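These notes are about the structure you will find just below.
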Amino acid sequence: MQVIYYSADQDAAAWVPGLQAALPQAEVRLWQPGAPLADYAVVWKPPQQLLDEQTHLKALFNTGAGVDALMKLQLPAGVPVIRLDDAGMSVQMAEYVCHAVIRHFREFAGYEADMGAGKWSFRKPRSRLDFPVGVLGLGVLGQRVARSVAQFDFPVNGWSRTAKALPGVRSFAGNEQLEQFLSASRILVCLLPLTRETENLLDAKRLSCLRPGGYVVNVARGAHLVDADLLSLLESGHLAGATLDVFRVEPLPKGHPFWQHPKITLTPHTSARTLRTESIAQIAGKIAAVERGERVAGLVDSNRGY
Ligand code: NAP
Ligand code: GLV
866 MQVIYYSADQ DAAAWVPGLQ AALPQAEVRL WQPGAPLADY AVVWKPPQQL
916 LDEQTHLKAL FNTGAGVDAL MKLQLPAGVP VIRLDDAGMS VQMAEYVCHA
966 VIRHFREFAG YEADMGAGKW SFRKPRSRLD FPVGVLGLGV LGQRVARSVA
1016 QFDFPVNGWS RTAKALPGVR SFAGNEQLEQ FLSASRILVC LLPLTRETEN
1066 LLDAKRLSCL RPGGYVVNVA RGAHLVDADL LSLLESGHLA GATLDVFRVE
1116 PLPKGHPFWQ HPKITLTPHT SARTLRTESI AQIAGKIAAV ERGERVAGLV
1166 DSNRGY
């Protein structure tokens, strides 16, 4: 069995031997133009040339959860695309989002500033009932996040394409319930895949539906959010702040207004990293399952785009 690996930004020097150790029966190599035809490709943001050349693939594995970069390419017809299915990401996402929600709710940024200035001061306790958290996307990551936030007794709303029954989460589904979901939420967490339907979803119209003093946590993709609309709602005071991990252009260009904004907290696309050991184990297990003719989790529906 032949396996190729390609990544635009992961450490190939570690992935190739890692995959080889997990797949001793296979020959694993780094893809280069003109490489021999492989049975499986393990990729992150591959060039179109790889897909055009590799005409014998039995499956294409994406070493991330989001497949938006792959969906922009011409994919080989009939080849299953399989994305990472958690592989250690959901716990990272839950800790990141809980941290952002609690930091905002408990006003820790204000306390840090006060203590830094040598000021001993207290803020009035706030009721978490006034801070309902809305999670856009109740998939592998969104469900774990919604559950984790609910454990801190925040009211939690969730929005997805299809309705869900999750303990402690009020489910909203489809475009017809989006406005209702937003107006029931004050802190908004985006965990949607980036698709034709979800691009630019977080615009002035939608963000204005959040309760006054709204707060945005975007951990999905930068193109979900209309940057200028976020900035003007922060300016008007309808939104109190935002924590952003993802951006339209990454790295976030120097001089972008988000960099210095006092109400925006930034991180460099790090809320849930691909963990190499866990991911290789998952992919190797799935290659074995595909070889046995079994169905595997994480199969992408290219019509839906996720
Ligand atoms: P997933 O399991 O595929 O879940 C996607 C969720 O979004 C599902 O609940 C789906 O609804 C919902 N959804 C999709 N399109 C929708 C639409 N048009 N309207 C309403 N709901 C819609 O994906 P995941 O594994 O949770 O990952 C989510 C995203 O997180 C990824 O696509 C990626 O972009 C991002 N991500 C970011 C980082 C980071 O470090 N910042 C790391 C990993 C992932 P249904 O359940 O009804 O299908
Ligand atoms: C990271 O952003 C991923 O999609 O895995």
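The opening position of the sequence shown corresponds to residue 866 in my numbering, with each subsequent residue numbered one higher. Ideal Cβ positions, reconstructed from N, Cα and C, are used throughout, including at glycine. Just so you know, these numbers come straight off a predicted model, no measurement behind them.
Identity of the residue in the options nearest residue i by Cα
| i | options | result |
| --- | --- | --- |
| E960 | A1011, W880 and D1018 | A1011 |
| G899 | Q913, A891 and A887 | Q913 |
| V907 | M936, A877 and Q890 | A877 |
| S1036 | G1007, M936, K1128 and V966 | G1007 |
| V1021 | T1027, V966 and L1072 | V966 |
| K1070 | G1102, V1084, R1086 and V1091 | V1091 |
| V1005 | P889, L1031 and P1077 | L1031 |
| G1039 | E1159, G1002, H1126 and L1117 | G1002 |
| T1027 | R1169, A903 and W896 | R1169 |
| L1104 | L1117, N1083 and K1128 | K1128 |
| H969 | V1081, A1149, G1158 and S1050 | V1081 |
| Q1173 | S955, A1149 and G1158 | A question about residue 1173 goes unanswered here, because the residues of the chain that appear run from 866 up to 1171. |
| G1079 | S1048, W985 and M958 | S1048 |
| N1083 | S1050, K1119, C1074 and H1134 | H1134 |
| D874 | W1124, T1139 and L1098 | T1139 |
| L922 | F1123, S1167, V1155 and E1115 | V1155 |
| Q897 | K1151, L916 and L888 | L916 |
| F1123 | S1136, A1137 and A1107 | A1107 |
| Q919 | G999, S1097, I869 and A1085 | I869 |
| R1051 | P1077, V1034, K1029 and S1013 | P1077 |
| D1110 | W1024, V1054, S1101 and L1075 | V1054 |
| S1167 | G983, Q939 and L1131 | Q939 |
| F853 | S1136, R1086, T1130 and G1158 | Since the displayed the chain opens at 866 and closes at 1171, residue 853 lies outside it and no answer follows. |
| M958 | V1014, V881 and G1158 | V1014 |
| S1136 | S1025, A1085, R1160 and E1115 | A1085 |
| V1000 | V1034, L1117, K1119 and G1102 | V1034 |
Beta-carbon proximity list for residue i, same chain, < 6 Å, skipping 5 on both sides
| i | result |
| --- | --- |
| E892 | Q867 |
| L925 | A906, V944 and V946 |
| A1088 | L1059, E1064 and R1113 |
| A1162 | D950 |
| M936 | G1170 |
| C1074 | E1044, L1047 and S1048 |
Near the ligand NAP: residue i beta-carbon under 7 Å from a heavy atom
| i | result |
| --- | --- |
| P945 | no |
| S1144 | no |
| S872 | no |
| M954 | yes |
| E1064 | no |
| H1134 | yes |
| S1025 | yes |
| D933 | yes |
Own chain, CB closer than 7 Å to residue i, minus 5 neighbours either side, in chain order
| i | result |
| --- | --- |
| A879 | R1141 |
| P911 | Y871 |
| A1146 | A887 |
| Q1216 | Residue 1216 falls outside the range modelled here, since the chain spans only 866 to 1171, and no answer is possible. |
| S955 | V1005, L1006 and R1009 |
Segment limits, alpha helix (DSSP H) that includes residue i
| i | result |
| --- | --- |
| Y1171 | Looking at the DSSP string, Y1171 is not in any alpha helix (DSSP H), and its letter there is neither H nor E. |
| V1005 | V1005 to A1015 |
| C963 | M954 to F970 |
| W850 | It is not possible to answer for residue 850, since the shown part of the chain is limited to 866 through 1171. |
| T1142 | R1141 to E1156 |
| F1046 | L1043 to S1048 |
| M872 | In the sequence on display, residue 872 carries Ser and not Met. Unbroken run through S872 is the beta strand (DSSP E), Q867 to S872; no alpha helix (DSSP H). |
Beta-carbon contacts of residue i that lie in its chain and below 8 Å, excluding the five residues immediately before and after
| i | result |
| --- | --- |
| D1094 | L1067, D1068, A1069 and L1072 |
| F1017 | C963, V966, I967 and R993 |
| N927 | V908, W909, L935, V946, I947, R948, L949 and V1165 |
| G883 | R1141, T1142 and I1145 |
| H1126 | L1096 and L1099 |
beta-carbon residue i near the ligand GLV non-hydrogen atom, thresh 7 Å
| i | result |
| --- | --- |
| G929 | yes |
| T920 | no |
| T1130 | no |
| L1109 | no |
| T1060 | no |
| L1056 | no |
| L1090 | no |
Extent of the continuous beta strand (DSSP E) run through residue i
| i | result |
| --- | --- |
| E1062 | Here E1062 belongs to no beta strand (DSSP E), and DSSP marks it neither H nor E. |
| E892 | E892 to L895 |
| R1035 | V1034 to A1038 |
| Q1125 | Careful: Q1125 lies outside any beta strand (DSSP E) and carries neither H nor E. |
| G1106 | L1104 to L1109 |
*Does the stretch 948-959 touch the stretch 1059-1078, meaning 3 or more C-beta pairs lie closer than 8 Å?*
no
*asked:* Count Cβ pairs between the stretch 994-1009 and the stretch 976-983 that sit closer than 8 Å; are there 3 or more?
replied: no
*Validate contact between the stretch 1042-1061 and the stretch 926-940 using beta carbons, cut 8 Å, 3 pairs*: yes
*How do the stretch 984-992 and the stretch 1039-1048 stand: do at least 3 beta-carbon pairs fall below 8 Å, yes or no?*
At 8 Å Cβ cutoff, the stretches do not touch.
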